[in-house]
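The block underneath contains the structure these notes are about, expressed in structure tokens.
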Amino acid sequence: MEGAWEIAFVLFQVWLSIVVGLIVLPAMFGVSLGFTDIYIKVLVKTLEWATLRIQRGQKEQPTLPSQSANGIIEKDDGSMEEEIGELRRSHPKNLAGGDFTMCDAFYFCKKGIENIVEDQVTQRFTSEELASWNLLTRTNNNFRYISVRLTIIWGLGVFIRYCILLPLRITLAVIGLSWLVIGTTLVGLLPSSNAKNWLSDLVHITCYRICARGLSATIRYHNKENRPKKGGICVANHTSPIDIVILANDGCYAMVGQVHGGLMGVIQRSMVRSCPHVWFERSEMKDRHAVAKRLKDHIADKTKLPILIFPEGTCINNTSVMMFKKGSFEIGGTIYPVAIKYDPQFGDAFWNSAKNNMVSYLLRMMTSWAIVCNMWYLPPMTRQDGEDAVQFANRVKSAIAHQGGLVDLSWDGGLKREKVKESFKEEQQKMYSSMIVVNMNESLN
Amino acid sequence: MGLQGWRNVLALKTSKNNNRAAWQRAFPVPLSHSQITRLYSRFHSLDKGENGALSREDFQRIPELAINPLGDRIINAFFPEGEDQANFRGFMRTLAHFRPVEDNEKNKDLTSGEPLNSRTNKLLFAFRLYDLDRDDKISRDELLQVLRMMVGVNISDEQLGSIADRTIQEADTNGDMCISFSEFIKVLEKVDVEQKMSIRFLH
């Protein structure tokens, strides 16, 4: 019995030294041994093969076409005026005044039914549907049994992901996070100096690099010359908590967020020891002026790291960018926009907080194939004269959406949980009223 | 949705041959296999309570529908008299009114009465948007209420009243100061109902 324990212990030591030697140490120095690249190449080939097989199988049995990027129903893009105008054209014109016709209701009716079948907003809060299956059960919406070979590959995939990759990734995550806590606490003991800042940056970056390896993350950075500088604000579209790991792999940022309890709280407290982050108590968050003041003070100090903010305020499924909250755009300072686009073929990075809590989300991440994403640094932007915070926010949002190939929506991400404001309905009513009353006045003159 | 209903849906999802007769018996609404499955997927995602039926709140959760001035009337069309839950069959039946009319050429086998998406039935759907108490005529009051929904607070009572009066005057042929369904059809006879009250699937 003891012999078995000794053997297990030795194996564990060997395992740990392999992991540290081949993965952790190179990660800390930003060196890649090429394992991940080979893995991704093999994966791409396998998935292409699987796609061909599925397509061949689909030709034999008629099956469902998947949702294209354009949606499932045709939609008229006309404005309310154009559409109702068309409706009224066939109706005999009335001379007594007023321009209401009963067929006006058709416009609202059709729009309503279209939105019941497919709308622009609710689809952003669930994972994106894939064009072709990537051999993960969780994305299997409409794909059925095709062939024995495919099932075997899928089974092999399950084994690899759960029995080989998962333990490896968990080990790396544990190592990474412990290193973060221990390292930042140690650095925190030093007196303030340039050396301390340099060490703090080193600890942060190495920890995030280890965590990135822990997700088999392949990140392609574009336009590194636009990287955020100190005293600036970095804004990005938000898909999941992993965005932080992705961003922090290539630079050091001051994080902004709520104070949490538990493990998160421990990490937050130790991070703050080595360099200033901005953590808010829950009560402080409600006071917008206090929040704005703290952020302003932070960016005014040019020695502090750039702040990282996700203005959407919630996780969106990486097919679109939703309304940016204007708070971060009122503070002043230079905005450094960043666009992040994940490749859904290798793993779905979106955190659906209604369906998964943090732990099950991380498990899903660690049992995906990999996280592959592109990150674009956009040129810095500042508020122009005559532009208010909302317009500025929309301008930044459009730039990010355009770069990342995402749909630019002005709907609020908060609609995930809250009801839409009445004022939008009132806007619609006002628009319609102007189509009746204007003509009425014209005919009375 | 009862057990038979679930069996039907399961049969849809796993049927290897496109057995149209079988699922047409289940859903007396001629939509294609892929269209029905798409709609079932949508129904399921709207059904937050996961109890196989939609409530009015489930519909209100669609932001673009919630801001539609006639949103409440449209949602009401999915709920038969006095009921608060819309099952999948009812959901499909209501949506079937909006199938394009040309689809009927492909489905000549389904001749049990007039198809739900005929011009007349589309007009009936619109008529019922106005007919609040379902008594088969639109009274001045009902017209005023619906007008008020569409314009909000932007038009005065008097202006709205005169619009309603004029509309009824135009349409009413038998002098009862209400608009019956046949009068409704007559007024809108030149409108391209087939085009304006149809939803086209991309596949």
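These protein sequence lines are chains P and Y, in that order.
Each step along the first sequence adds one to the number in numbering that gives the first Met the number 0, with nothing skipped, and position 88 is 87.
Each step along the second sequence adds one to the number in numbering that gives the first Met the number 0, with nothing skipped, and position 7 is 6.
Every residue gets a Cβ at the ideal spot worked out from N, C-alpha and C, and that includes glycine.
Just so we're clear, the structure is a prediction, and the values are computed from it rather than from any experiment.
Alpha-carbon to alpha-carbon, residue j and residue i
i, j, result
"P:G213", "P:N356", "19 angstroms"
"P:I209", "P:G413", "33 angstroms"
"P:L176", "P:K195", "20 angstroms"
"P:L63", "Y:I35", "Note that P:L63 scores 49 on pLDDT, short of 50, meaning its location in the model is unreliable; the coordinates nonetheless yield the value given after this. Roughly 10 angstroms separates the two Cα atoms."
"Y:D83", "Y:A95", "20 angstroms"
"P:I22", "P:L362", "20 angstroms"
"Y:V190", "P:G56", "46 angstroms"
"P:L129", "P:P343", "7 angstroms"
"P:Y431", "P:R160", "56 angstroms"
"Y:L109", "Y:L115", "Note on Y:L109: pLDDT 49, under 50, position unreliable in the model; the coordinate value appears next. Each residue's alpha carbon lies about 11 angstroms from the other."
"Y:E169", "Y:E157", "18 angstroms"
"P:K292", "P:C233", "17 angstroms"
"P:F99", "Y:M149", "11 angstroms"
"P:S131", "P:V389", "39 angstroms"
"P:P336", "P:A26", "27 angstroms"
"Y:A76", "P:H237", "38 angstroms"
"P:G111", "P:L86", "16 angstroms"
"Y:Q59", "Y:A52", "14 angstroms"
"P:Y319", "P:R123", "Here residue 319 of chain P turns out to be Ser, not Tyr, going by the sequence shown. Computed Cα separation, rounded: 7 angstroms."
"Y:K185", "P:A235", "56 angstroms"
"Y:R88", "P:A338", "43 angstroms"
"P:T205", "P:L179", "8 angstroms"
"Y:A163", "Y:R139", "7 angstroms"
"P:V157", "Y:K121", "51 angstroms"
"Y:R199", "P:K325", "38 angstroms"
"P:L24", "P:L165", "20 angstroms"
Member of the options whose CA lies at the smallest distance from the CA of residue i
i, options, result
"P:A216", "P:H237, P:G2 and P:K340", "P:K340"
"P:S352", "P:G385, P:C314 and P:S327", "P:C314"
"P:L167", "P:I330, P:D347, P:D36 and P:I17", "P:I17"
"P:F328", "P:E311, P:P343 and P:N316", "P:E311"
"P:K514", "P:S191, P:R382 and P:C162", "Any property of residue 514 of chain P remains undetermined from this structure, which presents chain P solely from 0 to 444."
"P:G250", "P:I306, P:K420 and P:L262", "P:I306"
"P:I370", "P:D387, P:Q390 and P:F349", "P:F349"
"Y:F124", "Y:F180, Y:I66 and Y:I61", "Y:F180"
"P:D347", "P:I330, P:P336, P:N316 and P:V358", "P:N316"
"P:L405", "P:Q119, P:E5 and P:R88", "P:Q119"
"P:D407", "P:E117, P:I53, P:K301 and P:A392", "P:A392"
"P:P240", "P:G230, P:V255, P:K229 and P:V157", "P:V255"
"Y:E182", "Y:D135, Y:E56 and Y:K47", "Y:D135"
"Y:F90", "P:R88, P:F345, P:V116 and P:M79", "P:V116"
"P:N222", "P:L377, P:M365 and P:N193", "P:L377"
"Y:C177", "Y:F97, Y:E141 and Y:G151", "Y:E141"
Buried or exposed by the 16-neighbour rule on C-beta atoms within 10 Å, applied to residue i
i, result
"P:T121", "buried"
"P:G77", "exposed"
"P:G182", "buried"
"P:Q383", "exposed"
"Y:D130", "buried"
"P:N248", "buried"
"P:Q402", "buried"
"P:E113", "buried"
"P:L15", "exposed"
"P:A95", "Only weak support is given to the placement of P:A95: the predicted model assigns it a pLDDT of 44, under 50, and the value that follows is read from those uncertain coordinates. P:A95 is exposed by the Cβ-count criterion."
"P:Q54", "exposed"
As assigned by DSSP and simplified to three states, the class of residue i
i, result
"P:K130", "Per the sequence shown, residue 130 of chain P should be read as Ala rather than Lys. The answer is coil: DSSP assigns P:A130 none of H, G, I, E or B."
"P:M263", "helix"
"P:K109", "helix"
"P:S146", "coil"
"Y:S31", "coil"
"P:Y341", "strand"
"P:R219", "strand"
"Y:N86", "strand"
"Y:V152", "coil"
"P:P190", "coil"
"P:V395", "helix"
"Y:D71", "helix"
"P:I370", "strand"
"P:G175", "helix"
Using Cβ-Cβ distances below 9 angstroms, what residues of the stretch 103-120 of chain P are close to chain Y?
For the stretch 103-120 of chain P, the set of positions with a beta-carbon nearer than 9 angstroms to some beta-carbon of chain Y reads D103, A104, F105, Y106, F107, C108, K109, K110, G111, I112, E113, N114, I115, V116, E117, D118, Q119 and V120 in chain order.
Which residues, in chain order, does the stretch 315-347 of chain P contribute to contact with chain Y at a C-beta distance below 9 angstroms? none
(request) Pull out every residue of the stretch 122-139 of chain Y whose Cβ sits closer than 8 angstroms to any Cβ of chain P, in chain order. (result) F124, A125, L128 and Y129
_For the stretch 423-435 of chain P, list every residue whose C-beta sits within 9 angstroms of some C-beta in chain Y, in sequence order._
Residues of the stretch 423-435 of chain P whose Cβ lies closer than 9 angstroms to any Cβ of chain Y, in chain order: F423, K424, E425, E426, Q427, Q428, K429, Y431, S432, S433 and I435.
Interface positions of the stretch 65-81 of chain Y facing chain P (Cβ-Cβ less than 7 angstroms), listed along the chain = A65, I66, N67, P68, L69, G70 and I73
Worksheet item: Taking Cβ-Cβ distances below 7 angstroms as the criterion, which residues of the stretch 346-377 of chain P are in contact with chain Y?
Response: For the stretch 346-377 of chain P, which is checked against every Cβ of chain Y, not one residue is closer than 7 angstroms.
* To do: Name, going along the chain, the residues of the stretch 186-197 of chain Y whose beta-carbon falls closer than 7 angstroms to a beta-carbon of chain P.
  => V186, L187, K189, V190, D191, K195 and M196
Pull out every residue of the stretch 170-187 of chain Y whose Cβ sits closer than 9 angstroms to any Cβ of chain P, in chain order.
-> A170, I178, F183, V186 and L187
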